[in-house]
Amino acid sequence: MRWHGIFSVALSVIPVQSLFVDEAYNIDFHHALLGIPQPHSTFFHKPDASSNAALLYSLSDKAVLGALNPRDGSLVWRQSLASQPTVNATTSFLVAGEGDGKVTTAVGKEVATWDASDGKLVWKYTARGEVKAVDLQAVPVLGSSTDGAVQDVILLTQPLQEGGSYVVSRIGGDGSGERWRHEDVDTKLDAQVGIATSLKHLFYITKSAGLLSGQRTKVVVFDIITGKQLKEYSPALDSETVAVDGRLASASGSEAPLLITSETPYKTIKFNLLGNNKVSTITLDDKGEDIVSVSAHSALGTTAESHFLLHVRTATKNWAEVYHINTATGDFKRAYSLPAIKDASAFAASNNGKNVFFSRATSTEVSVYSSQSHGHLGRWPRNVLAGSRTSSTDPIYAIAEVAIRDNTNTAVRTAIISPEGSLYLVRNGDTQWVRAEMLAYAELAAWFDYAQVTPLAQELSAEVSVDPATAYINRVYRHAKELMHLPNYLVKLAQGAFGPAEDKPSVREDLLGSRSLILATSRKQIVSLSGISGAIQWDADLPSAISDGAAVRSLAISEGRVTIYTSDGSVSVLNATTGGVIETKTGTIPAARIIELPGTPASTLLKVNEEGIPQVAVDLAPSVPLEGNVVMTQDQTGNLVGWTVGTTVRKTWTFTPTPGKIVAVTTRPEQDPIASIGKVLGDRSVLYKYFTPNMAVLTTMSNEILTMYLIDAVTGAVLHTSSHAGVLDSFPISAVLSENWYAYTFTSSNPETNALSTQLIISELYESDVPNDRGQLSAQTNYSSFGPDGNVKPHVVSAAFTLAEPMSHLTVTQTAQGITSRSLLAYLPGSHAMIAIPRHVLDARRPIDRDPTSSEAEEGLFRYTPELSLDPKTFLSHARDVVGISHISAVPTLLESTSTVFGFGHDIFGTQVAPSQTFDVLGKNFSKFQLLATVVALYLGVLALRPLVRRNVVKRGWL
Amino acid sequence: MHRTMLLLVASFSLLFNPVLGAQLVLRIQPSQILANPNSLPPSTHASITAPNGVVFRSSLRKDNSIVFDDMSTAGSHLLNIYTRDYTFASYRIDTKPDLAAAGAGSNDAVPILIEFVAQLFPGTQWSDTGANLVRSQPDSRSSTGQSPRPQSTFTIVPKVLAAKQFYEQRPAFSPLTLLKNPMILLAIVALGFTFGMPKLMESMDPEMRAEYEEMQKKGPTAALGRAMNGQGPSSSSESFDLAGYLAGQKKDASDMRGKR
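Order-wise, the sequence lines are chains A and B.
Per UniProt numbering: the first sequence ends with 959, consecutive numbering throughout.
Per UniProt numbering: the second sequence ends with 260, consecutive numbering throughout.
The structure is reproduced here in structure tokens:
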């Protein structure tokens with residue numbers, strides 16, 4: 001008996017999982033993402049005047065600003081301009097001055113300047129009133145920054161409500177705030193507005209819908225220094241603008257900013273050199289096809305020549321026309337045109353002092369032209385990065401930087417954004433690196449286990465289905481074939497035995513099992529990542545048959561196939577190993593939610609419509625669900641409805657929280673193995689855990705009161721309720737339910753003490769409060785929720801902890817058998833970290849206000865403290881800056897001790913967790929040399945003792 | 001009660017008048033733990049949680065300060081500072097509207113004043129704070145002399161509590177750790193018995209030895225002692241022979257042994 005005690009004490013003093021130095025950066029992976037770069041706010045820029053190497057700055061459409069090292073694509077620094085990365089961020093802008101070492105952004109009503117080399121804030125300006133930024137332009141600096149000239153910016157804000165005024169203001173680059181402002185009260189909210197700068201003037205352009213004609217364009221010219229209105233004119237331009245980035249004006253910041261307009265079928269293009277009343281018209285040759293789009297590209301430098309390029313696209317061809325502007329007269333001259341080719345092309349303009357270069361990137365080559373003549377300065381075939389995926393390399397946007405050495409050698413670096421959302425950097429023709437920015441849009445994930453599709457598993461299943469004789473022959477044949485691999489295997493084994501313990505992902509994959517993570521993004525893409533190394537295995541677009549507005553609702557993986565359910569009711573099936581499309585079925589019944597249930601002959605799909613009524617999806621897979629499935633849905637009024645789904649779908653209960661509304665419903669993880677039905681106490685008595693597979697935790701909010709209901713999902717009976725006042729709904733409220741416990745976290749402002757704190761509550765459920773007693777359930781062998789014992793309530797023990805910072809997205813680690821103790825996984829949005837809190841620290845039975853008794857200590861309980869310190873050693877993401885995690889997923893590995901953890905939302909972070917340490921695998925501290933040395937030493941010892949023993953034996957023989 | 005009244009009045013007034021936010025500056029200065037504040041990464045930021053749940057967030061500036069320009073809410077606030085490698089103290093910041101400056105009924109902006117700033121200690125009551133950092137200044141109106149005067153701009157030098165240690169070093173091999181293993185300790189004790197006992201017995205006087213042997217036959221450790229001395233079980237029914245079982249010895253086989 002005592003022995004057992006020693007053992008359990010030994011278990012409880014085992015140090016909890018923490019990260020070893022040699023594991024960090026080896027067992028985890030992290031994709032630090034920006035989101036897809038916006039073409040108008042992505043550029044090469046030198047971080048300071050003295051440096052030679054430029055960085056690639058980008059402000060993504062998730063309002064994340066970052067500086068990338070063009071050498072290897074690594075992140076130099078990153079700032080999330082909205083406090084968290086946001087999908088469909090409102091318009092955001094990024095400008096840089098020339099050589100002053102700063103970049104300036106505008107998002108919402110905030111203008112901020114950041115140090116270009118280290119990403120720290122220099123100053124911030126908040127626009128007055130309820131407004132948002134709709135344009136930001138740098139004021140060209142006359143003279144260099146070393147002369148003390150500061151880089152000012154011009155901000156254009158739009159009122160959020162009708163009745164406000166548009167404001168153009170010049171913001172001082174030294175952080176002094178507004179220098180001057182101009183208010184425009186006449187322009188309506190639906191107008192298109194924009195600003196452009198030239199060396200001396202600021203142009204404020206508005207396009208309003210006229211009463212009779214289509215659109216009326218008005219240009220107001222200001223003196224850029226004083227803000228004095230100089231002139232106002234209305235050029236006869238009434239069609240759409242064709243600037244590349246959706247702005248009104250092109251070539252802002254240069255000597256000759258332009259207004260270029262056209263409209264379908266893009267045969268005539270109208271130009272206006274801003275400040276000049278003249279409007280020129282050019283007719284485009286359509287080369288026998290309908291022109292689909294026209295976009296203008298021009299260099300941004302103040303000293304650059306006034307040349308620009310029009311990129312013309314038809315259904316099958318891409319070409320460009322280059323024009324020169326006479327800045328004195330406002331005339332335009334066509335200089336040359338670049339050949340029409342079939343490949344998708346992206347053009348980029350860049351300048352090197354006075355010289356303007358146009359770069360053209362296609363999927364097969366990169367070429368550079370001078371703006372003066374059509375002869376190319378350089379032309380390189382594009383090489384794919386060795387070992388990279390060969391998915392689409394078509395460019396949709398390109399940003400180029402041209403360098404000319406010794407007047408003859410031309411080199412070009414092109415950043416290319418591909419349609420699937422990757423950012424490539426191509427140096428001349430060679431791809432230097434690829435960043436998979438589409439991962440920042442991941443919304444759903446599912447794990448795929450390669451063991452499902454290994455040839456062995458398939459062969460074994462084939463052997464089962466054939467007659468024994470054939471199966472036997474098959475098996476002999478297979479074994480003979482396997483013998484051929486024996487020499488190789490032996491060599492590998494020998495290498496493994498004598499070589500150093502390797503920590504390559506492939507080695508760990510053998511140990512932990514190879515799984516990949518299949519992600520569905522909000523951009524209707526499916527991406528497969530290795531679960532161990534985080535490398536992208538394949539990516540695929542959803543089949544075009546899926547309608548545009550459809551969102552991915554559910555991902556299911558079975559037998560090596562990924563089944564994707566979309567909101568329009570369609571199903572697509574992809575090969576989980578290659579990403580190839582196997583089939584697409586267009587559904588007819590749209591679904592708000594799709595639930596997969598066990599059924600015959602195959603699993604059944606349940607579609608839940610907008611009213612919260614589930615229906616068996618007869619349009620997709622005609623199978624009948626097995627009896628006894630319990631499904632919960634939320635109806636339009638916010639009530640929770642319980643359904644029993646068998647051959648028929650029956651409503652069993654309705655739950656209406658009073659008062660308030662249901663914010664979230666948490667159920668146990670799909671696989672939640674239970675190793676022990678009781679908790680062994682220090683005195684060897686057992687506290688029986690309360691289990692039911694059909695539990696759910698409801699989070700309800702009403703007027704700052706958070707109420708948590710633990711319900712039996714079969715009957716809808718409430719098992720336990722807890723309530724907290726003053727809960728702030730602007731903070732994350734998250735809950736997790738596993739085994740016989742649930743935990744939740746929230747941030748509250750205590751109505752009595754005004755205390756602001758984040759709390760984590762843990763509740764453990766037991767069958768009774770007395771050890772060795774199963775309460776009312778003791779006599780039962782069968783249990784029914786509807787029976788007389790159905791309303792047996794669990795004995796609940798709870799403890800609350802305060803946390804130093806808010807916490808979100810609680811999840812629990814998963815292991816194959818559930819023997820390993822569990823850890824609570826969570827994301828810390830303040831610290832940008834993922835954390836694993838050991839479950840035994842969160843024990844609700846920790847003694848309060850006294851030291852544990854010896855039997856409690858034996859059980860591993862220690863004194864309760866209200867503060868739960870978040871030990872940095874339990875940070876899974878250690879020193880990594882993991883931003884915007886909105887989902888955490890854990891999955892078992894082949895090792896019982898280890899669970900694979902993966903977080904996504906914006907960044908992608910994955911690692912392995914061993915909550916009770918890796919007890920089932922030799923650790924890194926195991927030294928093969930030491931073992932061999934011990935064996936040799938023992939052998940030598942035996943040899944040394946041999947004469948001694950022999951002498952003894954002989955002596956004994958004589959005695 | 002007085003406090004709630006004040007807050008009520010404050011919120012009533014704030015409903016109609018625009019407010020002029022208070023400014024809070026955090027100036028991070030070198031300390032023993034954080035020798036060089038310039039080494040802080042650009043992701044360093046601070047957040048102030050207002051009592052109504054609004055969060056003001058601000059990033060680290062080039063001059064190692066974090067500035068909140070517009071704290072426009074009245075009441076008790078929580079300030080957290082986040083940086084990758086260090087833990088900073090949290091602070092409680094109380095603000096109140098300066099109703100006297102605005103004047104009742106006028107449409108002037110109501111300035112918000114910072115009246116209380118103090119370090120918070122984790123796991124304690126909201127009222128158990130450190131000293132109020134809002135500088136004490138002699139107040140002409142107060143007869144008692146010293147009382148903290150609310151400020152519209154306030155600077156804190158936040159306290160660095162610790163450097164974050166993310167990693168654990170692997171324990172290096174040492175023979176001592178091997179000795180601490182309970183199994184090894186048990187083996188050593190057993191060895192001691194095996195070799196020490198016969199010597200001890202020899203030095204005992206015969207009477208005591210007889211008594212001891214008698215006791216040993218009855219005692220629970222008899223089988224263990226025999227097993228350790230390699231004598232095997234005296235009778236198979238008496239107790240379970242662990243060593244024999246592990247060696248694959250069957251009961252009848254052990255009986256056979258005698259005949260061999």
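Backbone N, C-alpha and C fix where the C-beta goes; we use that ideal spot for every residue, glycine too.
Check: Does residue 440 of chain A have its Cβ less than 9 Å from a Cβ in chain B?
Finding: Answer no: the Cβ-Cβ gap between residue 440 of chain A and chain B never drops below 9 Å.
Item checked: the region 650-661 of chain A contacting the region 679-693 of chain A, beta-carbon criterion three pairs below 8 Å -> In the pairwise beta carbon analysis, the region 650-661 of chain A is classified as not touching the region 679-693 of chain A: fewer than three pairs are separated by under 8 Å.
Next item on the list: Could you please give the first and the last residue of the uninterrupted beta strand (DSSP E) stretch that includes residue 204 of chain B?
Entry: Careful: residue 204 of chain B lies outside any beta strand (DSSP E) and carries neither H nor E.
Note to self: If distances are taken between C-alpha atoms only, which option among A/547, A/537, A/512 and A/535 comes closest to residue 523 of chain A?
What the structure shows: When only C-alpha atoms are compared, the closest one is A/547.
Check: Exposed or buried, what is residue 939 of chain A when buried is set at 16 or more other beta-carbons lying within 10 Å of its beta-carbon?
Finding: Around the beta-carbon of residue 939 of chain A, fewer than 16 other beta-carbon atoms lie within 10 Å, marking it exposed.
Next item on the list: Taking the CB atoms as reference points, tell me whether residue 698 of chain A and residue 665 of chain A lie closer together than 9 Å.
Entry: For the pair residue 698 of chain A and residue 665 of chain A, the CB atoms are nearer than the 9 Å cut-off.
Check: Is the region 878-892 of chain A close to the region 837-849 of chain A, with three or more CB pairs under 8 Å?
Finding: With the cut-off at 8 Å, the region 878-892 of chain A and the region 837-849 of chain A do not touch.
Check: If the cut is a Cβ gap below 7 Å, which residues of chain A does residue 78 of chain B touch?
Finding: Going along chain A in sequence order, the residues near residue 78 of chain B (Cβ under 7 Å) are 756.
Item checked: residue 267 of chain A to residue 397 of chain A span [Cα, whole Å] -> Between the alpha carbons of residue 267 of chain A and residue 397 of chain A lies a gap of roughly 23 Å.
Next item on the list: Could you please give the first and the last residue of the uninterrupted beta strand (DSSP E) stretch that includes residue 854 of chain A?
Entry: For residue 854 of chain A, there is no enclosing beta strand (DSSP E); the enclosing alpha helix (DSSP H) has its first and last residue at 854-859.
Next item on the list: Flag this pair as touching only if the region 191-201 of chain A and the region 123-142 of chain A have three or more C-beta atom pairs under 8 Å; answer yes or no.
Entry: Using a Cβ-Cβ distance cut-off of 8 Å, the region 191-201 of chain A and the region 123-142 of chain A are in contact, since at least three pairs of beta carbons, one from each stretch, lie closer than that value.
Notebook entry, point to check: Are any of the Cβ atoms in chain B nearer than 9 Å to that of residue 454 of chain A?
Noted result: Residue 454 of chain A does not count as touching chain B.
Next item on the list: Have a look at the DSSP bridge pairing and note the partners of residue 132 of chain A.
Entry: Paired residue(s): A/158.
Margin query: Count Cβ pairs between the region 285-299 of chain A and the region 246-265 of chain A that sit closer than 8 Å; are there 3 or more?
Written below: By the criterion of at least three beta-carbon pairs nearer than 8 Å, the region 285-299 of chain A is in contact with the region 246-265 of chain A.
Check: How many whole angstroms separate the CB atoms of residue 366 of chain A and residue 428 of chain A, which I take to be in contact at a CB cut-off of 8 Å?
Finding: The C-beta separation of residue 366 of chain A from residue 428 of chain A comes to about 7 Å, placing the pair in contact by the 8 Å criterion.
Checklist line | Neighbour list for residue 109 of chain A in chain B, Cβ cutoff strictly below 7 Å | finding: Neighbours of residue 109 of chain A on chain B: none; closest Cβ ~11 Å, over 7 Å.
Next item on the list: Closer than 8 Å by C-beta to residue 20 of chain A: which residues in its own chain qualify, once you throw out the five before and the five after it? Chain order, please.
Entry: The beta carbon of residue 20 of chain A lies closer than 8 Å to those of 924 in the same chain, with the five residues before and after it left out.
Notebook entry, point to check: So the beta strand (DSSP E) residue 954 of chain A belongs to, where does it begin and stop?
Noted result: Not the beta strand (DSSP E): residue 954 of chain A falls in the alpha helix (DSSP H), residues 928-958.
Item checked: Interface positions of the region 177-209 of chain A facing chain B (Cβ-Cβ less than 9 Å), listed along the chain -> The residues in question: there are none.
Next item on the list: Show which residues of chain B have a CB atom less than 8 Å away from the CB atom of residue 840 of chain A.
Entry: Simply none; closest approach about 18 Å.
Next item on the list: Determine whether the Cβ of residue 199 of chain B lies closer than 9 Å to any Cβ atom of chain A.
Entry: Residue 199 of chain B does not count as touching chain A.
Note to self: Just to confirm my understanding: we take residue 159 of chain A, look at its own chain, exclude 5 residues before and 5 after, and list those with CB closer than 8 Å. What are they?
What the structure shows: Shown here for residue 159 of chain A: same chain residues with a beta carbon closer than 8 Å to its own, the five before and five after excluded, namely 129, 130, 131, 165, 166 and 189 in chain order.
Next item on the list: Kindly identify the DSSP beta-bridge partner or partners of residue 892 of chain A.
Entry: Per DSSP, A/899.
Checklist line | Residues of the region 797-811 of chain A with Cβ closer than 8 Å to any Cβ of chain B, in chain order | finding: Cβ contacts with chain B come from 802, 804 and 805.
Notebook entry, point to check: Taking just the CA atoms, how far does residue 873 of chain A sit from residue 13 of chain A?
Noted result: Reliability of the predicted coordinates at residue 13 of chain A is poor, the pLDDT of 41 falling under 50, and the value obtained from them is presented with this limitation in mind. Answer to the nearest angstrom: the Cα atoms are 17 Å apart.
Check: Thinking C-alpha only, which one of A/535, A/564 and A/536 is nearest residue 520 of chain A?
Finding: Just measuring C-alpha positions, the residue of A/535, A/564 and A/536 sitting nearest residue 520 of chain A is A/564.
Next item on the list: Go ahead and pull the three-state DSSP assignment for residue 882 of chain A.
Entry: Of the three classes helix, strand and coil, the one that applies to residue 882 of chain A here is coil, per DSSP.
Check: At which residues does the alpha helix (DSSP H) containing residue 473 of chain A begin and terminate?
Finding: Judged by DSSP secondary structure, residue 473 of chain A falls within the alpha helix (DSSP H) whose first and last residues are 468-483.
Next item on the list: Alpha carbon to alpha carbon, how far is residue 57 of chain B from residue 83 of chain A? Give it in angstroms, no decimals.
Entry: In this structure, the alpha-carbon of residue 83 of chain A lies about 7 Å from that of residue 57 of chain B.
Note to self: I want to see whether chain B comes within less than 9 Å of residue 495 of chain A, judged by CB atoms only; does it?
What the structure shows: Not one chain B Cβ lies under 9 Å of residue 495 of chain A.
Margin query: Looking at the secondary structure, which residues open and close the alpha helix (DSSP H) in which residue 829 of chain A lies?
Written below: No alpha helix (DSSP H) holds residue 829 of chain A; DSSP gives it neither H nor E.
Next item on the list: Could you name the residues of chain B that residue 960 of chain A contacts, counting a contact when the two beta carbons are closer than 7 Å?
Entry: The question about residue 960 of chain A has no answer, for chain A in this structure spans 1 to 959.
Item checked: Run of the alpha helix (DSSP H) containing residue 465 of chain A, from where it starts to where it stops -> Its alpha helix (DSSP H) spans residues 455-465.
Margin query: Check whether chain A comes within 9 Å of residue 20 of chain B, counting only Cβ atoms and requiring the distance to be less than that.
Written below: False, the Cβ-Cβ gap to chain A never drops below 9 Å.
Margin query: When you compare the CB of residue 332 of chain B with every CB in chain A, is at least one pair closer than 9 Å?
Written below: A query on residue 332 of chain B cannot be resolved here, the shown segment of chain B reaching from 1 to 260 and no further.
Item checked: Which of helix, strand or coil DSSP assigns to residue 105 of chain A -> If DSSP states are grouped into helix, strand and coil, residue 105 of chain A belongs with the strands.
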